[in-house]
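Trainee: Encoded as structure tokens, here's the structure I'll be asking about.
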Amino acid sequence: MAAPTFAPYISFPGNAEDAFRYYAEVFGGELQVMHYGDFSTEGFPFQPPEGAVAHAELHGGRVTLTGGDAVGPELPDLHSDVYSFLLALGDVAAARALIDTLIDGGGQEAMPFDLAPWGDHYGQVTDRFGVLWAVMVPGDHGPSAQGGDAAETA
1 MAAPTFAPYI SFPGNAEDAF RYYAEVFGGE LQVMHYGDFS TEGFPFQPPE GAVAHAELHG
61 GRVTLTGGDA VGPELPDLHS DVYSFLLALG DVAAARALID TLIDGGGQEA MPFDLAPWGD
121 HYGQVTDRFG VLWAVMVPGD HGPSAQGGDA AETA
């Protein structure tokens with residue numbers, strides 16, 4: 001039995017292809033995009049817009065993402081602070097570079113990247129598509145990192 005996997009699915013308001021091509025540049029990996037025009041939509045309960053993305057998948061780089069264009073009468077607004085996608089990187093320089101890339105690509109800093117009270121380096125950026133990315137570098141959470149003595153016990 002294959003191990004379960006988790007990949008967020010994002011419904012974009014008509015710009016999924018642009019978003020996924022951008023994410024492929026930023027995060028690397030292999031991108032696959034399927035448009036509704038690539039197959040018959042006969043019998044669908046909706047008529048997708050011309051050129052709409054039915055399914056996109058980015059995998060093999062820093063992230064695995066799936067998504068497509070929303071096709072309902074109301075297009076989603078992705079700007080939200082009730083969810084974010086957390087990327088844990090191995091070093092501070094790589095994390096800062098990723099944050100700078102997202103900002104340079106039209107994103108907005110939501111929380112400055114810095115040493116957080118819990119010991120990790122942490123920051124947030126809302127990208128130009130409205131997706132909130134949290135970026136962290138795990139810190140040393142051992143007793144010495146908290147200012148305590150390694151020999152002390154609670």
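Following our numbering, the numbering of the sequence shown begins with 1 at its first residue and continues without gaps.
The beta-carbon is built from N, C-alpha and C at its ideal position, and this holds for glycine as well.
Would the segment 57-73 count as touching the segment 2-15 if we require 3 or more Cβ pairs under 8 Å?
Mentor: Yes, the segment 57-73 is in contact with the segment 2-15.
Trainee: Using the Cβ count rule (16 or more neighbours within 10 Å means buried), how would you classify Trp-118?
Mentor: When all chains shown are included, Trp-118 counts as exposed.
Trainee: In the structure shown, what three-state DSSP assignment does Met-1 receive?
Mentor: In the structure shown, Met-1 sits in coil (DSSP, three-state: anything other than H, G, I, E or B).
Trainee: Specify the secondary structure class of Gly-123 as computed by DSSP and reduced to three states.
Mentor: Strand.
Trainee: Would you mind working out which of Ala-16, Gly-29, Leu-102, Phe-113 sits nearest Gly-61, comparing C-alpha positions?
Mentor: That would be Gly-29, whose Cα lies nearest to the Cα of Gly-61.
Trainee: For Leu-31, which three-state DSSP category applies?
Mentor: Leu-31 falls in the strand class under three-state DSSP.
Trainee: Along the chain, which unbroken stretches of the beta strand (DSSP E) at least 3 residues long are found entirely within the segment 18-62?
Mentor: Within the segment 18-62, the complete beta strand (DSSP E) runs of at least 3 residues are 30-35, 53-59.
Trainee: Between Ala-19 and Phe-129, which are expected to be in contact by the criterion C-beta below 8 Å, what is the C-beta distance as a whole number of angstroms?
Mentor: Going by Cβ atoms, the distance from Ala-19 to Phe-129 rounds to 5 Å, so yes, they are a contact pair.
Trainee: Do the CB positions of Val-125 and Leu-102 come within less than 7 Å of each other?
Mentor: Against a cut-off of 7 Å, the Cβ pair of Leu-102 and Val-125 comes out as a contact.
Trainee: Rounded to a whole number of angstroms, what is the C-alpha to C-alpha distance between Phe-46 and Gly-107?
Mentor: Taking the straight line joining both Cα atoms gives about 33 Å.
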